[in-house]
Each structure stands twice: as C-alpha cells, then as structure tokens.
C-alpha cells in the first residue's frame, strides 16, 4: 500500500485539476453541462484513481488504477484540443496545459513500470 499524498504524480495531477477548473470558468455558460463538465470530471479522475489505486493490496490492482488515470489524462487532452478548436482556449494555453499533462502521463507511466506485478 502506498501513501498517495506523498506521491509526486498525485500532487502534480491535483494541481493540474485545479488549473482545469480555473480555465473552464471562462468557457461559455452553455458549456456548463457539456465540455466544462467533461473536462472537470476527467481531470478529477486522474488524482482520484491514483489515490484509490494506492489503497489496494496488490501492485497489480494499483497498476490498473494508474492505467485508468492515464486514460483519463488522454481524455482530458482530447477535450482540451476540442476546446481550442471551438475557441474556448488559445493555442498558448493549450500548449502549456498539454505539456503539463504529458509530464503527468510520463510520470505515471514511469511509476507504473516500477511496480512489481
């Protein structure tokens, strides 16, 4: 069992989630139950799955939750690109968020590869 609050991947993904919440406040009101909600839910899923997986008794189970967190990260990336296509975020913000997200994905992947399954 891992202490999720001590994991760098959890800390970074929590900050990223907060960034997503901040950026989506400027999205149009008609997107409140659309892209805004989807982005927020998917970004919350990343640290949530890391935390939930850390409570599991086996590294195999933890690895599965890390895999789900990576899937959520790719979901967020797709939604950010769509938000950019729709003009909700500019290309500079998309670039910064994508870099942040890619770093999280790499960190999760590296950490996952260290788990003895």
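Residue numbers (the working numbering): 157 to 273. For each residue, glycine too, the CB sits at the ideal point set by N, CA and C.
C-beta atoms of residue i and residue j nearer than 8 Å
i: residue 207; j: residue 235; result: no
i: residue 201; j: residue 228; result: yes
i: residue 160; j: residue 260; result: no
i: residue 233; j: residue 257; result: yes
i: residue 245; j: residue 165; result: no
i: residue 203; j: residue 169; result: yes
Straight-line gap, residue i to residue j (C-alpha atoms, nearest Å)
i: residue 215; j: residue 195; result: 28 Å
i: residue 247; j: residue 263; result: 24 Å
i: residue 182; j: residue 221; result: 31 Å
i: residue 193; j: residue 163; result: 26 Å
Chain-order list of residues whose beta-carbon lies under 8 Å from that of residue i (same chain, five-residue window excluded)
i: residue 158; result: 210, 218
i: residue 205; result: 221, 222, 224, 225, 228
Near the ligand HEM: residue i beta-carbon under 7 Å from a heavy atom
i: residue 260; result: The ligand HEM is absent from the structure shown, which contains no ligand whatsoever.
Residue i classed as buried or exposed, judged by whether at least 16 other C-beta atoms fall within 10 angstroms
i: residue 184; result: exposed
i: residue 251; result: exposed
Contact set for residue i: own chain, Cβ-Cβ below 7 Å, skip 5 residues either direction
i: residue 254; result: 233, 236
i: residue 238; result: 191
i: residue 177; result: 196
Own chain residues within Cβ distance below 6 Å of residue i, not counting five before or after
i: residue 174; result: none
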